[in-house]
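**Q** Here our numbering is used: the first residue of the sequence shown is 6, the next is one more, and so on.
All residues carry an ideal CB built from backbone N, CA and C; glycine is no exception.
One structure, as structure tokens, below. Some questions next.
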Amino acid sequence: MPSAKILSEKQAYVADLKAKFESAVSGCVVAYGGINVENDTKLRKELREAGVDYMVVKNTMLRLAVKGTSLEGLTEQFKGDTAIAFAHEEDPMSAARILCKYQDGDKSKKFVVKAGFMEGKVMDAAETNAIAKLPNREGMLSMFAGALTSTLSGLAVAMQAYADKQEEPAA
6 MPSAKILSEK QAYVADLKAK FESAVSGCVV AYGGINVEND TKLRKELREA GVDYMVVKNT
66 MLRLAVKGTS LEGLTEQFKG DTAIAFAHEE DPMSAARILC KYQDGDKSKK FVVKAGFMEG
126 KVMDAAETNA IAKLPNREGM LSMFAGALTS TLSGLAVAMQ AYADKQEEPA A
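Listed below in structure tokens is the structure:
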């Protein structure tokens with residue numbers, strides 16, 4: 006049995022993890038095996054620059070942190086070497102995008118995105134990979150603006166053609 010001091014430190018750590026799960030908009034659970042120090046440093050730097058919290062955490066601590074929450078379904082993914090990434094408001098899909106990109110480029114195939122979560126819903130690996138392929142907020146807005154602009158210009162051309170036809174004298 007651990008001492009009271011160690012037990013209270015672990016309880017505080019689990020409470021901090023639980024708060025991270027609750028405050029995150031989305032996140033990913035990763036099996037980080039096969040990554041070397043150089044690539045891990047690059048990956049962590051990219052995640053940090055995107056505003057993503059990434060950490061290696063003991064599975065027991067993760068299980069305790071999600072216990073009794075809507076993310077309790079992630080518990081089955083907390084096996085083996087596990088890292089967790091938390092994305093915030095700036096770009097909710099940043100964690101999935103960066104980690105899935107690294108997973109796709111990993112030659113050892115040991116670095117694997119196991120699962121994810123978004124707005125309190127647990128997603129499997131396939132859903133997480135699909136979310137990662139979506140463009141970021143700015144990309145979606147520009148796609149929407151492009152679609153709206155093309156629709157409006159098409160409408161303007163059609164209205165002009167109709168107006169031109171009305172002005173023609175009857176034969």
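My assumption, with CB atoms under 8 angstroms, is that valine 127 sits in contact with leucine 52. Please give the rounded CB distance.
**A** Position 122 of the sequence shown, counted from the start, is the residue given in the question as residue 127. Position 47 of the sequence shown, counted from the start, is the residue given in the question as residue 52. Wrong, their Cβ atoms sit about 21 angstroms apart, outside the cutoff.
**Q** For phenylalanine 122, which of helix, strand or coil comes out of DSSP?
**A** The sequence position of residue 122 within the sequence shown is 117, counting from 1. In the structure shown, phenylalanine 122 sits in a strand (DSSP, three-state: E or B).
**Q** Checking 8 angstroms against the spacing of the C-beta atoms, do valine 61 and phenylalanine 91 come in under that value?
**A** To locate residue 61, count along the sequence shown from 1; it is residue 56. To locate residue 91, count along the sequence shown from 1; it is residue 86. No, these two residues do not count as a Cβ contact at 8 angstroms.
**Q** Once the 5 residues before and after glutamine 82 are set aside, which same chain residues still bring their CB inside 7 angstroms of it?
**A** Position 77 of the sequence shown holds residue 82. Closer than 7 angstroms at Cβ, skipping near neighbours: Val34, Lys119, Ala120.
**Q** Assuming alanine 161 and alanine 137 form a contact by the criterion Cβ under 8 angstroms, report the distance between their Cβ atoms to the nearest whole angstrom.
**A** As a first step, residue 161 is located in the sequence shown; it is residue number 156 there, counting from the start. As a first step, residue 137 is located in the sequence shown; it is residue number 132 there, counting from the start. Actually they are not in contact, since the Cβ atoms of alanine 161 and alanine 137 sit about 37 angstroms apart, beyond 8 angstroms.
**Q** What residue does the beta strand (DSSP E) around serine 61 start on, and which one ends it?
**A** Position 56 of the sequence shown holds residue 61. Going by the sequence as given, residue 61 is valine instead of serine. Valine 61 -> beta strand (DSSP E) spans 58–61.
**Q** Closest by CA to valine 71, which one among Glu172, Ser28, His93?
**A** Taking the first residue of the sequence shown as 1, we reach residue 71 at position 66. It is Ser28 whose Cα lies nearest to the Cα of valine 71.
**Q** Under 8 angstroms, do serine 75 and glycine 125 count as touching if we go by C-beta distance?
**A** Looking up residue 75 in the sequence shown gives position 70. Looking up residue 125 in the sequence shown gives position 120. Contact: yes.
**Q** Rank Tyr18, Gly110, Lys170, Val30 by C-alpha distance to the C-alpha of threonine 65 and give the top, closest one.
**A** As a working mapping, residue 65 is identified with position 60 in the sequence shown. Threonine 65 has its Cα closest to that of Tyr18, out of Tyr18, Gly110, Lys170, Val30.
**Q** What three-state label does DSSP hand glycine 32 in the structure shown?
**A** Indexing the sequence shown from 1 puts residue 32 at position 27. Three-state result, glycine 32: strand.
**Q** What are the start and end residues of the alpha helix (DSSP H) that includes alanine 135?
**A** Looking up residue 135 in the sequence shown gives position 130. Start and end: 130–137.
**Q** Going by beta carbon distance, what residues of the same chain come within less than 6 angstroms of leucine 48, once the five residues before and after it are set aside?
**A** As a first step, residue 48 must be located in the sequence shown, where it is residue number 43. Excluding residues within five positions, the ones whose Cβ falls inside 6 angstroms are Tyr107.
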